[in-house]
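With the first letter of the sequence shown counted as 1, position 164 gets the number 167 in our numbering; the numbers rise by one all the way through.
Taking it in order: structure first as structure tokens, then the write-up.
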Amino acid sequence: MNLKSLFPREAAGLLALVILSGTWCVMLWLLRAWRTDSSQYFFFVYNLALAGIPLVLSLIAIRIKNRKLFVPVAILWLLFFPNAPYLLTDLIHLRPKTDAPFWYDWILMVSYAGTGFLMGCYSLLLIHRRLIQWFGTVKAWVAVIGILCLSSFGIYLGRFPRWNSWDIATRPGDFFMDIFTRFTVPHEHPILFTYTPSLAFLLIIGYLAVAGGWLRDSAPVKCEAR
């Protein structure tokens with residue numbers, strides 16, 4: 004495997020930034036918990052941990068040469084990927100509190116939102132480079148845009164009907180029936196058809212801004228088709 008083509012210096016720098024940012028986020032929450040003697044907003048730490056799952060899976064996936072082995076890991080990665088940009092939507096919790104300054108909570112939440120987005124961009128960048136090397140630039144971009152659109156729908160499912168990645172395994176019947184109902188009775192779920200495409204547009208623009216420059220050096224590599 005050509006690790007240099009899969010893991011360029013610039014992308015490694017982005018990983019270092021993600022780790023530094025994640026550490027900063029945890030420190031912000033720990034300081035708030037210590038000063039307020041409260042575990043409020045611990046869900047930010049939990050959601051950040053969930054955002055790390057697709058990052059780990061992508062680091063595993065890029066080391067797989069065999070496409071048949073790559074596919075199940077990529078599917079698992081796709082199921083957890085929306086957890087990373089989902090942190091952007093946690094900004095809805097920003098409001099004045101009596102136990103901590105508003106400016107501190109603003110810094111905390113923006114830090115978590117930004118770190119989650121960076122995690123998502125880095126994770127997708129690794130998968131994107133692999134797709135370019137196997138299938139070419141055009142097909143890879145089509146796949147990535149599709150992934151970001153599906154992720155926007157996944158974020159909608161997590162933010163509004165409150166489904167999560169685990170429900171696909173623990174409550175598959177209820178999960179897929181709810182999705183079926185939302186598409187077959189669209190007039191009862193107008194947010195689905197406004198929120199999802201709007202978020203997809205923002206994620207695509209954001210990904211282009213953050214990761215676009217690191218895709219230029221992607222080159223085809225040999226891999227096992229079976």
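Ideal Cβ placement from N, Cα and C applies to all residues, glycine included.
Quick caveat, the model's predicted, so the values are computed rather than measured.
Entirely enclosed beta strand (DSSP E) segments - the region 58-121, minimum 3 residues: none
For L82, the nearest candidate out of S61, I22, I95 and G25 (CA to CA): Residue mapping note: residue 82 aligns to position 79 of the sequence shown, counting from 1. Of the candidates S61, I22, I95 and G25, the one whose C-alpha sits nearest the C-alpha of L82 is S61.
Coil, strand or helix - F196 by DSSP: Looking up residue 196 in the sequence shown gives position 193. Note: F196 maps to helix in three-state DSSP.
Backbone CA spacing between V141 and G215 [nearest angstrom]: Residue 141 sits at position 138 when you count from the first residue of the sequence shown. Residue 215 sits at position 212 when you count from the first residue of the sequence shown. Distance between the alpha carbons of V141 and G215: 14 angstroms.
Residue interval of the alpha helix (DSSP H) (run including Y159): To locate residue 159, count along the sequence shown from 1; it is residue 156. T140 to R162 is the extent of the alpha helix (DSSP H) around Y159.
CA-to-CA distance, Y107 to L34, given in whole angstroms: Here residue 34 corresponds to residue number 31 of the sequence shown, with the count starting at 1. Here residue 107 corresponds to residue number 104 of the sequence shown, with the count starting at 1. If you take the alpha carbons of L34 and Y107, they lie about 10 angstroms apart.
Euclidean distance between Cα positions of F46 and R133: For the purposes of this step, residue 46 is taken as residue 43 along the sequence shown, with counting starting at 1. For the purposes of this step, residue 133 is taken as residue 130 along the sequence shown, with counting starting at 1. When rounded, the distance between both Cα atoms is 32 angstroms.
Simplified DSSP state of D2, which is helix, strand or coil: As displayed, the chain neither begins before 4 nor continues past 229, which places residue 2 out of reach and without an answer.
Y125 vs V21 beta-carbon contact at 8 angstroms: The residue given as residue 125 occupies position 122 in the sequence shown. The residue given as residue 21 occupies position 18 in the sequence shown. Yes, the Cβ-Cβ distance between Y125 and V21 is below 8 angstroms.
Y89 beta carbon less than 8 angstroms from that of G161: On the sequence shown, residue 161 is found 158 positions in, with the first residue counted as 1. On the sequence shown, residue 89 is found 86 positions in, with the first residue counted as 1. Against a cut-off of 8 angstroms, the Cβ pair of Y89 and G161 comes out as a contact.
Own chain partners of A143 with C-beta closer than 7 angstroms, once the 5 adjacent residues on each side are dropped: Counting from one through the sequence shown, the residue named residue 143 turns up at place 140. Same-chain partners within the cutoff: H131, L134 and I135.
Element boundaries [alpha helix (DSSP H), containing R165]: For the purposes of this step, residue 165 is taken as residue 162 along the sequence shown, with counting starting at 1. First-last for R165: undefined, no H or E at that position.
W169 in three-state terms, based on DSSP: Position 166 of the sequence shown holds residue 169. Note: W169 maps to coil in three-state DSSP.
Residue span of the alpha helix (DSSP H) that contains P175, given as start and end: Position 172 of the sequence shown, counted from the start, is the residue given in the question as residue 175. From DSSP, the alpha helix (DSSP H) with P175 extends over P175 to T187.
Distance between N50 and W166 (C-alpha atoms, nearest Å): Numbered from 1 along the sequence shown, position 163 holds the residue referred to as residue 166. Numbered from 1 along the sequence shown, position 47 holds the residue referred to as residue 50. So the two alpha carbons sit approximately 14 angstroms from each other.
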